[in-house]
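K.L.:
Here you go, one structure.
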Amino acid sequence: MKETKEEVTELQRLLDAAYDRSTEHLRAIITDSRKLTAADLAAVLTGMCTLNLATVTAKGEPRISAVDGHFLHARWVFTTSGTAAKARHLRARPAASISYVDGERIGVFSHGQVEFLEPEHPDFPAIEEHLVAHYGSSPSSWGDDIVYCRLEPSWMVGYAFDKAEVLSKT
Numbered sequence: 546m547k548e549t550k551e552e553v554t555e556l557q558r559l560l561d562a563a564y565d566r567s568t569e570h571l572r573a574i575i576t577d578s579r580k581l582t583a584a585d586l587a588a589v590l591t592g593m594c595t596l597n598l599a600t601v602t603a604k605g606e607p608r609i610s611a612v613d614g615h616f617l618h619a620r621w622v623f624t625t626s627g628t629a630a631k632a633r634h635l636r637a638r639p640a641a642s643i644s645y646v647d648g649e650r651i652g653v654f655s656h657g658q659v660e661f662l663e664p665e666h667p668d669f670p671a672i673e674e675h676l677v678a679h680y681g682s683s684p685s686s687w688g689d690d691i692v693y694c695r696l697e698p699s700w701m702v703g704y705a706f707d708k709a710e711v712l713s714k715t
């Protein structure tokens, strides 16, 4: 867990606002007993999570792909090749949706704007340090044009079918 108390508080505000704006259908699935709090998410989303990343083409056609995601400071962070279609889509249209689903065990759904993090960004060194510790090498060494991205969420909800079981494993 890398989140500060302030980041957890801010994430909780976002989760509450998203849930309050959600449809009746979603609230019927993500009941109070299944709703994950910001503190729950920070505790559960450790290590690498395979994310589904949805982008949009110039023609408005949806595209989905998978990325290695890391939940750091209450935001999803991922890297990819700068030549990948998803990187081109996000540079032109930074709106994206990300989901992390592990069967019925857990689901986290996010919408927001993706920002590209250059080495000069103040958060880059900590992200790089985390990724190197996880992978054993810098993603920057994996290709000529690796980009670091972070989703700034405008909407997010978290779900666990059996919340007690999920939290017991943290």
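Counting the sequence shown from 1 gives a position; the numbering used here is that position plus 545. Ideal placement from N, C-alpha and C gives every residue a C-beta, glycine not left out. Since the structure is predicted, the reported quantities are computational estimates derived from the model, not experimental observations.
(1) Nearest CA to the CA of Phe623: which residue from Arg695, Glu548 and Ala709?
(2) With 16 as the cutoff for other CB atoms within 10 Å, does Glu548 come out buried or exposed?
(3) Assign Pro698 to one of two classes, buried (16 or more other C-beta atoms within 10 Å of its C-beta) or exposed (fewer than that).
(4) If you check the beta carbons only, do Thr705 and Leu596 fall under 8 Å apart?
(5) Which same chain residues, not among the five before or five after Trp700, have their C-beta less than 6 Å away from its C-beta?
(6) Using the DSSP secondary-structure output, state which residues sit across from Lys580 in a beta bridge.
(7) Is Ala640 helix, strand or coil by DSSP?
(8) Relative to the alpha-carbon of Lys708, which residue among Glu649, Ser644 and Pro664 has its alpha-carbon at the smallest distance?
(9) Between Leu571 and Phe661, what straight-line distance do the alpha-carbon atoms span, to the nearest angstrom?
P.N.:
Reading from the atomic positions:
(1) Counting from 1 along the sequence shown, the entry for residue 623 is found at position 78. Comparing Cα positions, the closest option is Arg695.
(2) Translated into the one-based positions of the sequence shown, residue 548 becomes position 3. The residue is buried, with at least 16 neighbouring Cβ atoms inside 10 Å.
(3) On the sequence shown, residue 698 is found 153 positions in, with the first residue counted as 1. That one is buried.
(4) On the sequence shown, position 160 is the one that residue 705 refers to. On the sequence shown, position 51 is the one that residue 596 refers to. The residue you asked about is not Thr; residue 705 is Ala in the sequence shown. For Ala705 and Leu596, no; Cβs fall outside 8 Å.
(5) Sequence index remark: in the sequence shown, residue 700 carries index 155 (1-based). Same-chain partners within the cutoff: Ala563 and His656.
(6) On the sequence shown, position 35 is the one that residue 580 refers to. Its beta-bridge partners are Tyr704.
(7) Your numbering for residue 640 matches position 95 in the sequence shown. Strand at Ala640.
(8) By one-based count along the sequence shown, residue 708 stands at place 163. It is Glu649.
(9) What you label residue 571 is simply residue 26 of the sequence shown in a count that begins at 1. What you label residue 661 is simply residue 116 of the sequence shown in a count that begins at 1. Taking the straight line joining both Cα atoms gives about 31 Å.
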